[in-house]
Structures are given as C-alpha cells and as structure tokens.
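K.L.:
In the numbering used here, the protein residues as written are 366 to 933. Mind looking over this structure? Questions follow.
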C-alpha cells in the first residue's frame with residue numbers, strides 16, 4: 366500500500382482571536398485560542414484544535430464552529446442565487462473567477478475545520494466531469510497531505526481497545542501516520558502474535574461531537590432552502606441530507622465497517638477481479654480498525670499506473686463494470702468510491718486486481734429496484750427514450766400528473782446530445798441552449814427521487830469523477846453496452862417468466878373489471894373529493910407562506926451580497 370491508501374482530506378488549523386481559555390496549553394505551549402479565521406494561522410496546529418475542543422468550556426468553541434460553517438454555506442448559496450441565477454446573464458464573463466473564489470473560500474473552511482466540510486470537498490473535487498477546473502483544482506488538495514493529530518492524542522483510544530500497553534499487541538513502524546482523513550488516520554504496524562503487517566485506523570479524538578456540530582449547521586441551510594420552488598421541484602434535499610448524515614454517522618463506528626467488510630466479502634468471493642483487505646476483528650472496536658496492509662496504486666496515480674504497464678482505459682471500463690455488477694447483480698455496493706478508497710494491485714503482465722478500502726459506507730439495492738434500474742440502463746444503452754420513460758415511471762421517479770410524452774421528447778433530445786460523446790466532449794455541449802429549448806419541462810420538473818436511489822446516484826457521481834481522471838475519452842453509454850448484452854443473455858428465462866405472469870394477470874382482468882362495475886352500480890365506489898380539496902387548500906396556504914418567508918430571506922441575503930461585493 367502506498368502512502369495515500371486512506372488519503373482524502375486535510376486536518377485542522379485554527380486562526381486566532383476570541384474563545385481563549387487561559388488554563389489550556391497546546392502542544393506548542395501557547396494558550397489555546399480559536400476564532401475560525403478564514404486562513405490558517407501558523408502558530409496553531411491540529412493538536413491545538415483538538416485540545417480546545419476536548420477541554421474548553423462546554424459548547425463554546427463548538428458554537429463558533431457551527432456559526433462559521435453556517436455563514437460560509439449561506440454566503441455561497443446567496444452568491445450563486447444572485448450572480449448565477451438572478452443576474453447570470455450579466456455576470457457570465459466572470460463565472461470562472463467567481464467560482465474559483467468560492468472554491469478557495471470553501472477550501473479554507475475545510476482546511477481550518479476538517480469534519481463535514483472535508484467530506485463535501487472530497488465529493489466535489491473528483492467531479493471533474495461537471496465542475497469547472499477552477500473548482501476541482503482548488504479542492505483537489507483536500508484529498509492529499511492531510512495534517513495528522515499527534516500520536517499522543519490517539520494513544521488513549523488504542524489503550525481503551527487493547528489494554529494499558531498497546532505495543533504488546535501491535536508494534537508501529539513509526540508514530541507518524543501514513544495517511545490521515547477527516548474522520549481518522551492510519552498507522553502501519555505489525556501484529557506481535559503472528560508478525561503480520563497491518564494497517565491500524567484510529568478515529569480522531571472527539572470527532573463525533575465535531576461531526577454532529579457540522580451536520581447541525583448543514584441542516585440549518587437545508588431547512589432554509591428546501592422550500593424554495595426551484596429546489597423543491599427538483600429534489601427532496603431534506604431526504605438527501607438525511608441519507609448523507611446517516612451514512613456519515615455509520616462511518617464513525619468501525620464495527621459497522623467490519624460487518625460491511627464481511628457482507629461484501631461473501632458476495633464478492635465469486636469475482637476474481639475484486640478483493641477486500643482481511644479485517645482483524647479481534648483487535649477492532651468502534652474507534653479502532655485493524656486490517657491487513659496492502660501495497661497498491663491509487664486509480665488517480667496516472668504515472669504509477671503507466672509505469673506498471675496498466676491500461677488506464679481498461680481500468681476505467683472495469684471500474685464501471687464492477688460498480689454495475691455490485692449494484693444490479695449482487696445487490697450491495699461500495700457507496701463511497703473516491704480515489705482514496707480504491708487500490709489497483711498489479712499481478713504481472715499488465716494484469717491487476719481491484720482492492721476496495723474504507724467500507725464504512727456500503728448500501729444495498731432491493732431486488733425490485735435492481736430490475737427497474739436494469740430496465741432503465743438497457744433503454745439508455747439502446748438510445749430508447751420511450752423505454753427510459755417507462756423505466757423511470759416504474760421506479761416512481763415521475764409524478765402522477767406529468768406529461769409523459771413531453772418527458773419522452775426531453776429524454777430523446779438529451780440522449781441524442783450525449784449518445785456518441787465521450788466524457789471530455791460533454792463539456793462542449795451547450796447545456797444553456799439545451800435547457801432553454803427544454804425550459805418548459807425543466808421549470809416544472811415532474812420528477813422525484815426515491816430514497817433507495819439517492820446514495821446510488823451519489824456513488825455513481827463519485828465513480829464518474831474517477832473514470833474521468835483515468836480516461837476522459839470514456840463514453841458511458843458505449844461502456845454500458847457490453848454490460849447490457851450480458852444482462853440480456855443472463856435473463857432470457859426471466860423474459861419467459863414475465864410473459865407467463867402477464868398472461869395470468871390478463872386472465873384475471875375480467876373478474877376485476879366486473880367487481881369495479883358492480884361497486885359502481887351499487888353506489889359503493891366513492892371518492893372523497895371535498896376532503897381532498899381541503900387538504901390541497903391547506904397545502905397551498907403553507908407553500909405560499911413558506912415562499913413569502915423564503916423570498917424575504919433571499920432579499921436580505923441579496924442585499925448583503927451586493928453590499929459585500931459592490932459597496933465594501
């Protein structure tokens with residue numbers, strides 16, 4: 366395993382001012398001070414930060430952390446709303462510069478504080494397929510060179526797990542970790558009893574309180590914007606947040622990762638292309654995780670892959686194939702496939718094995734959803750707009766009163782635009798002109814995202830970023846066609862079974878129609894329209910009230926942004 370097996374994010378450094386506690390001394394013997402300055406102050410490091418959070422008067426520094434994260438998010442949201450939505454026509458020329466400035470602001474926040482901002486920055490930094498390079502390049506540093514917490518601060522966690530003398534269980538090559546992330550850091554060691562080389566992952570001190578504080582700040586922003594029509598009509602952002610928070614909390618308990626490893630190992634045993642590190646469950650707790658040490662190459666290390674004679678295009682195709690195989694054949698998948706959570710292990714003559722790491726986030730795909738998603742992928746791979754609409758409808762992603770013909774026209778237009786293009790060529794599509802042409806449907810957006818699809822979409826987004834780094838000439842639709850052909854050949858029998866099932870349903874249809882007609886004749890078939898009307902009126906009143914409040918909030922925010930950028 367090279368340095369960076371668990372890379373992903375930066376640690377924390379603090380600025381100065383306020384929240385000073387005279388009885389706290391940091392590792393550098395300075396009095397602890399923390400006011401979350403926008404840029405790191407050289408006097409204070411990660412150890413100082415954790416000392417403050419652990420020992421300062423209860424809640425004081427956490428409150429400051431909460432407000433800084435909240436205000437930074439609001440600044441970005443208001444900026445985008447004003448300059449990219451309301452005034453986008455006049456500020457289009459400065460888009461790249463403004464987005465780079467926003468990314469730098471967010472990066473400064475993530476470097477200073479760690480926690481949830483790092484997780485969000487990780488996700489955005491690999492989305493080179495949809496975000497401009499000004500943003501992804503600014504955030505790329507959040508995946509490497511993460512400052513670590515001193516060993517003295519994580520040693521109590523090892524003592525709690527293994528007893529008073531951890532060195533009698535595992536001897537470490539060095540007290541400096543080989544990699545650090547927002548939630549934990551990794552040490553290379555050797556088991557004393559059998560001499561096996563191991564990777565020991567330890568949570569950062571007090572990280573659970575930090576994550577809860579960060580999530581509270583994100584939740585506040587979600588509450589402020591979720592009822593805005595442009596957002597409400599497109600996505601249930603509250604549900605997306607709930608999914609994100611639930612998975613993040615699971616990552617804070619390494620026992621869940623042990624179970625996830627065991628579950629995935631069982632289903633992936635049939636696939637020789639994929640491997641998982643062996644977990645040492647006898648040494649693992651909720652805060653300490655011990656696994657076999659693995660040597661390999663991260664998928665975004667292009668130079669190392671080339672030196673090993675590994676075909677990057679083949680790696681990109683395999684990653685996509687492995688992901689779809691996990692989701693739609695095994696029904697369980699790695700839900701956090703960013704570059705730091707995968708290793709390519711050369712096996713000679715240009716061959717390799719994919720090792721999946723960091724299994725804190727593992728999700729399942731219910732059998733019914735598997736079939737529906739397969740149907741949709743087959744339709745997309747065949748440039749079949751009507752089949753795509755039918756698949757989306759079957760998954761409950763199209764609202765009941767939507768115009769299916771209009772949606773089919775939109776999907777046909779989009780498929781025509783992307784069908785023969787590589788990922789790199791996606792950036793040449795004039796999406797502004799395309800969205801203007803299709804504005805009628807985009808403004809109403811009669812779509813809704815089922816809960817089971819939320820994390821699947823996030824994982825696919827992360828994987829898309831990795832594949833783009835490997836080979837931006839990859840055409841997703843073309844790459845899916847071999848997978849689609851395999852599914853068709855594997856499911857010949859299911860087609861026959863479906864035909865038999867449909868035949869049985871048709872045979873029972875006359876009896877059902879007869880029952881409905883009988884209820885109509887007897888007057889027992891009723892629909893309570895008055896009750897529905899009352900409910901609709903109440904919903905409309907609540908929506909109108911929410912929109913008025915949100916509009917007032919946005920006007921205040923617009924005034925702030927104009928003052929900040931024009932008058933100051």
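Backbone N, C-alpha and C fix where the C-beta goes; we use that ideal spot for every residue, glycine too. Quick caveat: nothing in here was measured; it's all calculated off a predicted structure.
(1) By the 10 Å Cβ neighbour count, where 16 or more other Cβ atoms means buried, how is residue 457 classified, buried or exposed?
(2) Between which two residues does the alpha helix (DSSP H) harbouring residue 593 extend?
(3) Could you name the residues that DSSP lists as bridge partners for residue 665?
(4) Taking the continuous alpha helix (DSSP H) assigned at residue 691, which residues delimit it?
(5) I want to see whether chain B comes within less than 8 Å of residue 499, judged by CB atoms only; does it?
(6) Are the segment 656 to 664 and the segment 524 to 536 in contact at 8 Å, needing three or more beta carbon pairs?
(7) How should residue 455 be labelled, buried or exposed, when 16 other C-beta atoms within 10 angstroms of its C-beta is the threshold for buried?
(8) What first and last residue would you give for the alpha helix (DSSP H) that runs through residue 455?
(9) Among the residues of its own chain, which have a CB less than 7 Å from the CB of residue 773, if the five just before and after it don't count?
(10) Is residue 317 near residue 619, with beta carbons less than 8 Å apart?
(11) For residue 839, which option in 684, 434, 706, 441 has the closest C-alpha, if you only look at C-alpha atoms?
(12) Taking the continuous alpha helix (DSSP H) assigned at residue 626, which residues delimit it?
(13) List the residues that DSSP assigns as beta-bridge partners of residue 566.
(14) Ordered along the chain, which non-local residues of its own chain (more than five positions away) have a Cβ less than 7 Å from that of residue 673?
(15) If you drop the 5 nearest sequence neighbours on each side, which residues of the same chain put their C-beta closer than 7 Å to that of residue 669?
(16) Using only the alpha-carbon positions, how far apart do residue 580 and residue 465 sit?
(17) How would you label residue 421, buried or exposed, when you count the other beta carbons within 10 angstroms and need 16 or more for buried?
(18) Are the beta-carbon atoms belonging to residue 616 and residue 725 less than 8 Å from one another?
(19) Which residues in the same chain as residue 526 place their Cβ atom closer than 6 Å to its Cβ, once the five residues preceding and following it in sequence are excluded?
(20) Within its chain, find whatever has a CB closer than 6 Å to the CB of residue 552; leave out the 5 residues flanking it on each side and keep chain order.
(21) Tell me the rounded alpha-carbon separation between residue 560 and residue 686.
(22) How about residue 507 and residue 483: are their beta carbons less than 8 Å apart?
(23) Taking the C-alpha atoms as reference points, what is the distance between residue 567 and residue 522?
(24) Starting from residue 644, follow its DSSP beta bridges and name the residues at the other end.
(25) Shortest alpha-carbon distance to residue 833 belongs to which of 490, 477, 528?
(26) Pull up the DSSP beta-bridge partners for residue 472, would you.
(27) Over the uninterrupted beta strand (DSSP E) stretch that includes residue 721, give me the two end residues.
(28) In or out: residue 717 buried (at least 16 other Cβ within 10 Å) or exposed?
(29) Is residue 839 helix, strand or coil by DSSP?
(30) State yes or no: is the C-beta of residue 708 within less than 8 Å of the C-beta of residue 639?
(31) Once DSSP output is grouped into helix, strand and coil, what is the label at residue 750?
(32) Report the rounded CA-to-CA distance for residue 733 versus residue 428, giving the unit in angstroms.
(33) Can you have a look at residue 723 and say buried or exposed, based on whether 16 or more other CB atoms are within 10 angstroms of its CB?
(34) Given residue 630, which residues of its chain have a CB within under 7 Å of its CB, disregarding the five upstream and five downstream residues?
(35) In angstroms with no decimal places, state the Cα-to-Cα distance between residue 389 and residue 447.
(36) Buried or exposed for residue 731, please, with buried defined as at least 16 other CB atoms from any protein chain shown within 10 angstroms of its CB.
P.N.:
According to the structure data:
(1) exposed
(2) Residue 593 -> no alpha helix (DSSP H), and no H or E assigned at all.
(3) Residue 665 pairs with nothing; no bridge assigned.
(4) Element bounds for residue 691: n/a, residue is neither H nor E.
(5) Of the protein chains in the structure, only one exists, and it is not chain B.
(6) no
(7) exposed
(8) 453 to 456
(9) 750, 751, 754
(10) Outside the shown range of the chain (366 to 933) lies residue 317, about which nothing can therefore be said.
(11) 684
(12) 619 to 633
(13) 551, 654
(14) 662, 711
(15) 662
(16) 25 Å
(17) A caution first: residue 421 carries a pLDDT of 40, below 50, which makes its placement in the model too unreliable to give a value.
(18) yes
(19) 650, 653
(20) 537, 542, 565
(21) 36 Å
(22) yes
(23) 8 Å
(24) 656
(25) 490
(26) Per DSSP, none; premise fails for residue 472.
(27) 716 to 721
(28) buried
(29) coil
(30) no
(31) helix
(32) 44 Å
(33) buried
(34) 641
(35) Note that residue 389 scores 27 on pLDDT, short of 50, meaning its location in the model is unreliable and no value can be drawn from it.
(36) exposed
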